[in-house]
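Notes for the one structure printed next.
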Amino acid sequence: MTESAERTEAAPRLPDITCVIPVYRAAAVLPELHRRLVAVLAGPGSSFEVIFVEDCGNDGSWAVIEALAGADPRVRGIRLMRNFGQHNAILCGIREARGEVIVTLDDDLQHPPEELPKLLAKLAEGFDVVYGPPIQQQHGMLRNLASMATKWVLQGAIGVDMAGEVCALRAFRSRLREVFADYQSPYVSIDVLLSWATANFGAVRLRHELRRHGDSGYTVGKLARHALNMITGFSTLPLQIASMLGFCFMAFGLAVLVYVVGRYLIQGTSAPGFPFLASIIAIFSGVQLFSIGIIGEYLARMHVRTMGQPVYAVRCRTGARESAA
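End of the sequence shown sits at 333 in the working numbering; the numbers just go up one at a time, nothing left out.
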């Protein structure tokens with residue numbers, strides 16, 4: 009056997025599918041999640057890997073990941089230095105993935121692994137990105153309203169009609185990540201980054217289950233902050249709104265001026281003094297402060313980027329020979 013043939017034979021086969029799972033305080037459910045993933049993805053001729061990205065939940069999840077990686081060579085683990093957030097952890101896993109198709113799902117079994125074949129079948133129809141939104145929302149009314157508002161903001165940021173179907177259960181082709189390989193801002197939205205690479209989105213309604221363990225890390229307040237980061241980090245829409253408000257109130261001010269001067273010329277009397285003047289000042293000062301606040305948000309994000317704050321920082325790895333050192 010020639011030397012080149014030996015190298016070819018010894019070269020490991022790259023997996024067809026990489027499952028990227030951000031982990032935050034999910035030690036109790038990780039073994040079952042792994043078992044169900046293997047039952048769905050393992051089969052004759054199949055090749056896959058599972059990457060758990062532990063986002064510093066400090067609940068023993070890393071010990072569970074190390075045990076799973078020690079028992080199954082298809083499992084790899086990445087532990088971050090501190091809590092960076094779900095999207096940052098997913099981006100870390102995406103950059104480490106070796107599969108031709110990348111699947112992201114939550115760690116709490118709300119996304120049943122048994123539904124993945126439907127997601128992958130939809131992707132095989134020719135889409136670049138496929139989402140698996142729930143058949144029916146499982147959250148409370150307030151959380152659902154916050155999610156709807158976030159998706160509306162996302163639609164304004166990415167400019168595609170699929171924003172209403174966006175969820176954490178997604179599958180996409182790994183070549184898309186080349187477009188945002190050098191992205192370094194600490195404000196991350198995986199869905200916006202994917203929209204930079206393609207407009208060929210698809211969706212298939214899937215069964216979602218109730219959370220098995222603990223509480224969701226996404227509160228209404230965190231969803232609001234995530235929406236604000238998306239709209240100011242990936243879109244100029246707020247600046248356009250501020251400009252439009254400025255134009256509208258300038259026109260309003262001119263109309264008031266015409267009214268005051270016209271009344272004085274026609275009737276010889278002026279408009280009532282203090283209440284009229286106070287209301288006009290309050291309206292215009294409020295609009296000015298609102299516009300300055302929007303500009304401040306953009307300046308703050310520019311300031312953060314110039315500081316070079318990292319998207320994430322890895323503490324250690326486990327599995328696949330510690331991710332090939």
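A virtual CB, placed ideally from N, CA and C, is assigned to each residue, including glycine.
- In the DSSP assignment, Arg87 falls outside any alpha helix (DSSP H) and lies within the beta strand (DSSP E) extending over Val83 to Leu88.
- Taking the Cβ atoms as the reference, Pro81 lies roughly 12 Å from Ser55, outside the contact range of under 8 Å.
- With respect to Val31, Asp136 sits apart: the two C-beta atoms are not nearer than 9 Å.
- Of the residues Ala105, Ala189, Arg185 and Asp199, the one whose Cα lies closest to the Cα of Cys27 is Ala105.
- Straight through space, the alpha carbons of Asp67 and Ser203 are spaced by roughly 34 Å.
- A straight-line Cα-Cα distance of about 42 Å links Arg313 and Ala50.
- Per the DSSP secondary-structure output, Leu214 pairs in a beta bridge with Pro142.
- According to DSSP, Ile300 shares a beta bridge with no other residue.
- Look at Pro194 here: in three-state DSSP terms it is coil, with no helix or strand label.
- DSSP, read as helix, strand or coil, puts Val187 in helix.
- Cα atoms of Phe255 and Leu262: separation of roughly 11 Å, rounded to the nearest angstrom.
- Relative to Phe92, the option among Leu128, Leu273, Val61 and His216 whose CA is nearest is Val61.
- Sequence-distant partners of Val72 (beyond 5 residues in either direction) whose C-beta falls short of 6 Å from its own C-beta, in its chain, are Ala35 and Leu38.
- Cys27 is bridged by DSSP to Val58 and Val111.
- A straight line joining the alpha-carbon of Gly294 with that of His119 spans about 44 Å.
- A distance below 8 Å between beta-carbons, with the five flanking residues on each side excluded, links Cys175 to the following residues of its chain, in chain order: Tyr139, Gly140, Pro141 and Pro142.
- Each residue's CA atom was taken as its position, placing Gly276 and Val266 some 14 Å apart.
- Residues Arg87, Leu88 and Met89 of the same chain have their beta carbon placed closer than 7 Å to that of Arg323, with the five preceding and five following residues left out of the count.
- In the three-state reduction of the DSSP assignment, Thr326 falls in the strand class.
- According to DSSP, Ala308 shares a beta bridge with no other residue.
- Taking every protein chain shown into account, the CB of Asp190 has fewer than 16 other CB atoms within 10 angstroms, so this residue is exposed.
- In the DSSP annotation of this structure, the continuous segment of the alpha helix (DSSP H) that includes Ala71 starts and ends at Ser69 to Ala79.
- The Cβ atoms of Arg43 and Leu127 do not sit closer than 9 Å to each other.
- Cα atoms of Pro246 and Arg233: separation of roughly 15 Å, rounded to the nearest angstrom.
- Taken atom to atom, the span from the alpha-carbon of Gln248 to that of Ala321 is near 35 Å.
- Counting along the chain, the unbroken beta strand (DSSP E) around Arg181 starts and ends at Arg178 to Arg181.
- The beta-bridge partner set that DSSP reports for Phe255 is empty.
- With respect to Pro121, Leu113 sits close: the two C-beta atoms are nearer than 9 Å.
- In chain order, Ala205 place their CB closer than 8 Å to the CB of Glu186, counting only its own chain and leaving out the 5 sequence neighbours on each side.
- Contact between Glu40 and Leu117 holds, with the beta-carbon distance rounding to 7 Å and staying under 8 Å.
- About 7 Å separates the Cβ atoms of Gly85 and Arg325, confirming a contact at the 8 Å cut-off.
- A straight line joining the alpha-carbon of Leu184 with that of Gly53 spans about 25 Å.
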